[in-house]
Structure formats: structure tokens, C-alpha cells
Amino acid sequence: MATAIAPSTTTTTTTTAAVAAHHVLHIPELLEAILLHLPPQTLLLAQRVCRTFRAVIRASIHIQRALFFAPQWHLPARRAHTWRTADRPGAKPANNRLLLRALPGCYPTVSSVVVGGSGSPGSDSGIDCGDAYEAWSWSVNVSFPSTAGAAAAQLPHPSVAYPDATWRRMLMSQPPCTALHLVRRWARARDPAIVDAEGITMGRVAEMAGEGAWSRGFVSSDGDWHFEGSIGYSCLEEEEDEEGDWGS
Numbered sequence: 001m002a003t004a005i006a007p008s009t010t011t012t013t014t015t016t017a018a019v020a021a022h023h024v025l026h027i028p029e030l031l032e033a034i035l036l037h038l039p040p041q042t043l044l045l046a047q048r049v050c051r052t053f054r055a056v057i058r059a060s061i062h063i064q065r066a067l068f069f070a071p072q073w074h075l076p077a078r079r080a081h082t083w084r085t086a087d088r089p090g091a092k093p094a095n096n097r098l099l100l101r102a103l104p105g106c107y108p109t110v111s112s113v114v115v116g117g118s119g120s121p122g123s124d125s126g127i128d129c130g131d132a133y134e135a136w137s138w139s140v141n142v143s144f145p146s147t148a149g150a151a152a153a154q155l156p157h158p159s160v161a162y163p164d165a166t167w168r169r170m171l172m173s174q175p176p177c178t179a180l181h182l183v184r185r186w187a188r189a190r191d192p193a194i195v196d197a198e199g200i201t202m203g204r205v206a207e208m209a210g211e212g213a214w215s216r217g218f219v220s221s222d223g224d225w226h227f228e229g230s231i232g233y234s235c236l237e238e239e240e241d242e243e244g245d246w247g248s
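Numbering (UniProt numbering), first residue to last: 1 to 248.
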């Protein structure tokens, strides 16, 4: 008479874990929370796993912001007290490092600047300070070849030149820049060359640079157009005490 063999504890545990994982990954809210812990490059490629992953990634505004497809406008700034040795800018905008792989020669950088004036600090903040102010802010700097041949040489792989390539829809930073000015040496054009209230994408920069509808006098000796633009901030962090500590 044959003896029945009971399933092992290990097999039962493994099966239970697999079923639990299956259920978790089919709950959009839980899958979104899990995916947001992935590095950007892995998160971008996770769309290839299955239709469920692709649908959640496309539908989630938080994931779209993490991948630089949708703008995140929150960026606090700090009042600038440049006479203080410990004076420093606030949180730095996020560079889109995904663009570094696609366009290594045209990678946008972010640098700190001090802006001043009165009334509304920051072109997009909509904040009314009333009095004159100086505040730490940030500037996006990016270059792009002024000729089609030079632009093609910057692309590391033919697939990057595809008209619907992912990088074309990506913002350069988070929060994004909404206006870019041409610069050459120490001269900056008064009017912006590229404007987009929803945030300027790298594809828009490539498109406009390819059209070259600006004065050739702004083409630098390296044959590139050079752009810079301020990142508007959402609020000013106020000083907590005389020692220069800052609140959020």
C-alpha cells in the first residue's frame, strides 16, 4: 500500500509567499509604492515587465514626476545673507540623470544663484514679499550643437535619435525650468529663446536648437548654443534665529 507524502513546509511557505506577492503586485496603490523605491533607470525599464506595471507607471503622477515626465513645482528657497560665512542655498533641484546616458555631451547642470528684487521672488513662485529681498535660487545650464551634423554626433546610439525617444519628453530638472535664455561669454539675451509654462523638455531644446531661429552671434566658439534659465521656487524659508538656522 502506497504511503501518502505530505507537502514540505518549505514548499508550502514558498507557495504562500508567491501568492501573497502576486496579490500585492496587482493592487495599483501598493505596486506604485514599491516602484517608487526603484532607481530612476530601473523604474523606467520596469514598464517592460508586464502590462500591469506599464499601466501603473503611466497612470501614477508620482512616478511620472520621478521619471521627469511631469513637473513637481515644490521648491523652497532661502533668503540670502551673503555676509554670513555659513550662508547657503536650500534644497537643490533634482538633475535628470537619465539624460546623462542618452545625451552625455548635452547634459543639463544646475548651479546656485542669488536673485533679488521686490514683490514676487522667482518668476513662477507667485509669492508677494512686499519688501526688497535677496534669495538663493537655482539656474539650469545646458548646451546643444547648432548644426544637425554636430547634434547627430552627440547621440551615442542610433536609437537615441528616434523621433519618439523617451528622453525627448523628459524635463531637464525637477522642478523644471520654464524659460531659457541664450548666453555667450558674459552676455545673456534679454528675451528668452525657449518658453514653456509647463516646463521645458530636452526634446524641446533639441528641436529649437535644430531650427536655429536665433542670431548666429550667440553661437559660441565650440559651435554650440548655450542656454541658462532660472528655476522658480514655491516659497521662502524664514529665518528662525540670529545664528542663521532655517525652518522649513
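Where a beta carbon is used, it is the ideal one built from N, C-alpha and C, also for glycine. All of these numbers come straight from a predicted model, not from anything done at the bench.
Practice task
Quick one: residues in its chain with C-beta nearer than 8 Å to the C-beta of residue 290, no 5 flanking neighbours on either side, listed in chain order?
Solution key: Here the chain covers residues 1 to 248 and nothing more, so residue 290 does not appear.
Handout entry: Euclidean distance between Cα positions of Phe218 and Arg54
Key = Position 218 of the sequence shown holds residue 218. Position 54 of the sequence shown holds residue 54. Between the C-alpha atoms of Phe218 and Arg54 there is a straight-line separation of about 42 Å.
Practice task
Check whether the region 159 to 175 touches the region 212 to 228, counting contact only when three or more Cβ pairs, one atom from each stretch, lie closer than 8 Å.
Solution key: Too few Cβ pairs lie closer than 8 Å, so no.
Practice task
Please report the residue range of the beta strand (DSSP E) in which Arg48 lies.
Solution key: Numbered from its first residue, the sequence shown carries residue 48 at position 48. Counting along the chain, Arg48 falls outside any beta strand (DSSP E), and DSSP gives it neither H nor E.
Exercise for the section: For Ser123, collect the residues of the same chain with a Cβ closer than 8 Å to its Cβ; drop the 5 residues on either side in sequence, then sort them by chain order. Expected result: Within the sequence shown, residue 123 is the residue found at index 123, counting from 1. Note on Ser123: pLDDT 44, under 50, position unreliable in the model; no value is reported.
Exercise for the section: Look at the alpha carbon of Pro76 and the alpha carbon of Pro176, and state the distance between them as a whole number of angstroms. Expected result: Here the question's residue 76 lines up with position 76 in the sequence shown. Here the question's residue 176 lines up with position 176 in the sequence shown. A direct Cα-Cα distance of roughly 14 Å separates Pro76 from Pro176.
Practice task
State the DSSP-derived secondary structure class of Trp136, mapped to helix, strand or coil.
Solution key: Position 136 of the sequence shown, counted from the start, is the residue given in the question as residue 136. Of the three classes helix, strand and coil, the one that applies to Trp136 here is strand, per DSSP.
Problem - Burial state of Trp186, where buried means 16 or more other Cβ atoms lie within 10 Å - result: Along the sequence shown, read from residue 1 onward, the residue named residue 186 stands at position 186. Burial call: exposed.
Practice task
Determine the direct distance from the alpha carbon of Thr15 to that of residue 249, and round the result to whole angstroms.
Solution key: Residue 249 is absent from the structure shown; the chain starts at 1 and stops at 248.
Practice task
Scan the region 181 to 243 and note each continuous beta strand (DSSP E) run of 3 residues or more that stays entirely inside, going in chain order.
Solution key: Here the runs fully enclosed are 224 to 231 and 235 to 237.
Problem - Reference Trp214; option with closest CA among Asp222, Asn141 and Phe227 - result: On the sequence shown, residue 214 is found 214 positions in, with the first residue counted as 1. Taking only the C-alpha atoms, the option nearest Trp214 is Phe227.
Problem - Given Ile57 as reference, the closest of Tyr162, Gln72, Trp73 and Leu38 once Cα atoms are compared - result: Numbered from its first residue, the sequence shown carries residue 57 at position 57. It is Leu38 whose Cα lies nearest to the Cα of Ile57.
Exercise for the section: Report yes if the CB atom of Met93 is closer than 7 Å to the CB atom of Trp138, and no otherwise. Expected result: Numbered from its first residue, the sequence shown carries residue 93 at position 93. Numbered from its first residue, the sequence shown carries residue 138 at position 138. The residue asked about is misnamed: residue 93 is Pro in this sequence, not Met. Yes, the Cβ-Cβ distance between Pro93 and Trp138 is below 7 Å.
Handout entry: Burial state of Gly90 (16 or more Cβ within 10 Å)
Key = Counting from 1 along the sequence shown, the entry for residue 90 is found at position 90. Classification for Gly90: buried.
Handout entry: Cut-off 8 Å between Cβ atoms - residues of its own chain near Val19, not counting five sequence neighbours on either side
Key = By 1-based counting over the sequence shown, the position of residue 19 is 19. By the criterion of a C-beta distance shorter than 8 Å, Val19 is surrounded by no residue of its chain, once the five residues flanking it on both sides are discounted.
Handout entry: Cβ pair Ser173, Val110 closer than 7 Å
Key = Counting from one through the sequence shown, the residue named residue 173 turns up at place 173. Counting from one through the sequence shown, the residue named residue 110 turns up at place 110. In this structure, Ser173 lies near Val110, with their beta-carbon atoms less than 7 Å apart.
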